[in-house]
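Novice: So the number in the numbering used here is just where the residue sits in the sequence shown, counting from 1, plus 13. Before I ask anything, let me first share the structure, which is written out below as structure tokens.
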Amino acid sequence: MKADLADSKPNTGKKLSITIDGQKYNRYPIKTHIISPEDNIIDVVKRYALPHLKNTDTLIISERVVAITQGRMYLISDLKPSFWAKMLVKFVSRPSWGIGIGSPWTMEIAIREAGLWRILLAGAVSALTKPFGIRGLFYRIVGHGVNAIDGPTEYTLPPGNKAATLGPKDPDKVAQNLQSSIFNLQSIHVSVAIIDANDIGRRIEGASSDVDRTWACEVFRDNPLGQSRQQTPMAIVRKLL
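Printed below as a string of structure tokens:
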């Protein structure tokens, strides 16, 4: 029997509903325990989201928790930034939405993920093309894992407030596997998207093949998961009739 989401409340400062192109949707935040590297993302979804899901829902999950379950979170206390990390970070401007690779610790895991020579190549290409108004080549060259790096922030739940996290590995595959697992368990079709969202912007890191990524970003334009200690790393998006 499906659990009832009728009494669900949005996170503080957020709205439960959103209207896109005349169609109204509810976004139900799903509260979980604090996700750790010992967790399996399929088990987390099974425990917290599956009892609420209905056919044609969309399940949207924070990319950070997917990455954490893949062992891609590094405690700052365990990271020793190299010479190159300390030097290269001097040439990086922090993005408006967070830290990115603008700290020695996040730069260090970027180097470990992409390799020093790829980072240097990306930096050189970016510097050469920037005067011509060409942007975004750095992250295209270094790859997805670096593009979605999260650094430690005060508002993040522990231990993420003292950790640097790479983007999830193979996020499209993760989303597809989650969709298949949900169907195998409940015989319902649920779309799945993995999102990097904050109060400034959104980006779909991975999704099942049926997801309209532009729509998924739009339905999350106000970041209903919240950006602080809400402990709601996933949401069920449901079309209202």
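We put the CB at the ideal spot given by N, CA and C, even for glycine. For clarity, every value in this text was computed on a predicted model and none was experimentally measured.
Would you kindly report the start and end of the unbroken alpha helix (DSSP H) that includes Ala-220?
Specialist: Stepping through the sequence shown from its first residue, residue 220 is reached at position 207. Segment 215 to 220 is the beta strand (DSSP E) holding Ala-220; no alpha helix (DSSP H) there.
Novice: Among the candidates Ile-249, Gln-36 and Ala-176, whose CA atom is the shortest distance from the CA of Glu-167?
Specialist: Taking the first residue of the sequence shown as 1, we reach residue 167 at position 154. Of the candidates Ile-249, Gln-36 and Ala-176, the one whose C-alpha sits nearest the C-alpha of Glu-167 is Ala-176.
Novice: Would you tell me roughly how many angstroms separate the C-alpha atoms of Asp-183 and Gly-173, rounded to the nearest one?
Specialist: Indexing the sequence shown from 1 puts residue 183 at position 170. Indexing the sequence shown from 1 puts residue 173 at position 160. Each residue's Cα considered, the two are about 21 Å apart.
Novice: Determine the contact status of Thr-71 and Val-250, defining contact as a CB-CB distance below 8 Å.
Specialist: Translated into positions along the sequence shown, residue 71 becomes position 58. Translated into positions along the sequence shown, residue 250 becomes position 237. In this structure, Val-250 lies closer than 8 Å to Thr-71 by Cβ.
Novice: By the 10 Å Cβ neighbour count, where 16 or more other Cβ atoms means buried, how is Arg-153 classified, buried or exposed?
Specialist: As a position in the sequence shown, residue 153 is number 140, starting the count at 1. Answer is exposed; the Cβ neighbour count stays below 16.
Novice: Does DSSP classify Thr-119 as helix, strand or coil?
Specialist: Within the sequence shown, the letter at position 106 stands for residue 119. Here Thr-119 sits in helix by DSSP.
Novice: Does Leu-72 come out as helix, strand or coil in the three-state DSSP assignment?
Specialist: Here residue 72 is taken as the residue at index 59 of the sequence shown, counted from 1. Correct three-state label for Leu-72: strand.
Novice: Compare the beta carbon distance of Gln-195 and Leu-66 with 8 Å and say whether it is the shorter of the two.
Specialist: The residue you call residue 195 lines up with position 182 of the sequence shown. The residue you call residue 66 lines up with position 53 of the sequence shown. For the record, residue 195 in the displayed sequence is Ile; it is not Gln. Against a cut-off of 8 Å, the Cβ pair of Leu-66 and Ile-195 comes out as a contact.
Novice: Give me the Cβ distance between Gly-219 and Ile-201, rounded to the nearest whole Å; I'm assuming they're in contact under 8 Å.
Specialist: Here the question's residue 219 lines up with position 206 in the sequence shown. Here the question's residue 201 lines up with position 188 in the sequence shown. Their Cβ separation, rounded to whole angstroms, is 20 Å, which puts Gly-219 and Ile-201 out of contact at 8 Å.
Novice: If you count every other CB in all the chains shown that lies within 10 Å of the CB of Ser-221, and 16 or more means buried, which is it?
Specialist: Here residue 221 refers to the residue found at position 208 when the sequence shown is read from its first residue. Buried.
Novice: Can you list, in chain order, the residues of its chain whose CB lies under 6 Å from that of Val-78, leaving out five sequence neighbours each side?
Specialist: Counted from its first residue, the sequence shown places residue 78 at position 65. Only Ile-48 and Pro-246 meet the Cβ criterion.
Novice: Hey, which unbroken runs of the beta strand (DSSP E) at 3 residues or more fall wholly within the region 144 to 229?
Specialist: Complete beta strand (DSSP E) runs here, min 3: 176 to 178, 204 to 210 and 215 to 220.
Novice: Return yes when the Cβ of Asp-209 is within less than 8 Å of the Cβ of Ile-140, no when it is not.
Specialist: Locating residue 140 in the sequence shown gives position 127, counting from the first residue. Locating residue 209 in the sequence shown gives position 196, counting from the first residue. Checking the sequence, you will find Ala at residue 140 rather than Ile. No.
Novice: Since Gly-136 contacts Leu-179 with CB under 8 Å, what's their CB separation in whole angstroms?
Specialist: Taking the sequence shown and counting its residues from 1, the one referred to as residue 136 is at position 123. Taking the sequence shown and counting its residues from 1, the one referred to as residue 179 is at position 166. That pair is no contact at about 19 Å.
Novice: Tell me, to the nearest whole angstrom, how far the beta carbon of Val-155 is from that of Ile-132; I am working on the premise that it is less than 8 Å.
Specialist: Start at 1 with the first residue of the sequence shown, and residue 155 comes out as number 142. Start at 1 with the first residue of the sequence shown, and residue 132 comes out as number 119. Yes, they are in contact, since the Cβ atoms of Val-155 and Ile-132 sit about 6 Å apart, within 8 Å.
Novice: Taking 8 Å as the cut-off, decide whether the C-beta atoms of Thr-69 and Lys-252 are in contact.
Specialist: As a first step, residue 69 is located in the sequence shown; it is residue number 56 there, counting from the start. As a first step, residue 252 is located in the sequence shown; it is residue number 239 there, counting from the start. In this structure, Lys-252 lies closer than 8 Å to Thr-69 by Cβ.
Novice: In this structure, how does DSSP classify Leu-63 when only helix, strand and coil are distinguished?
Specialist: Along the sequence shown, one-based indexing puts residue 63 at 50. In this structure, Leu-63 counts as helix in the three-state DSSP scheme.
Novice: On the DSSP bridge assignment, give the partners of Met-247 in chain order.
Specialist: Residue numbering aside, residue 247 sits at position 234 when the sequence shown is read from its first letter. BP columns for Met-247 point to Ile-43 and Ile-74.
Novice: On the criterion of 16 or more Cβ atoms from any shown chain inside 10 Å, does Thr-82 qualify as buried, or is it exposed?
Specialist: What you label residue 82 is simply residue 69 of the sequence shown in a count that begins at 1. Under this definition Thr-82 is a buried residue.
Novice: Quick check on Ser-139: does DSSP put it in helix, strand or coil?
Specialist: Within the sequence shown, numbered from 1, the residue matching residue 139 stands at position 126. Ser-139 falls in the helix class under three-state DSSP.
Novice: Distance check for Arg-215 and Asn-39, CA to CA, integer angstroms please.
Specialist: As a first step, residue 39 is located in the sequence shown; it is residue number 26 there, counting from the start. As a first step, residue 215 is located in the sequence shown; it is residue number 202 there, counting from the start. Approximately 18 Å between the Cα atoms of the pair.
Novice: Can you pull the DSSP bridge partners for Ile-31?
Specialist: Position 18 of the sequence shown holds residue 31. For Ile-31, which the question treats as bridged, DSSP gives the partners Tyr-38.
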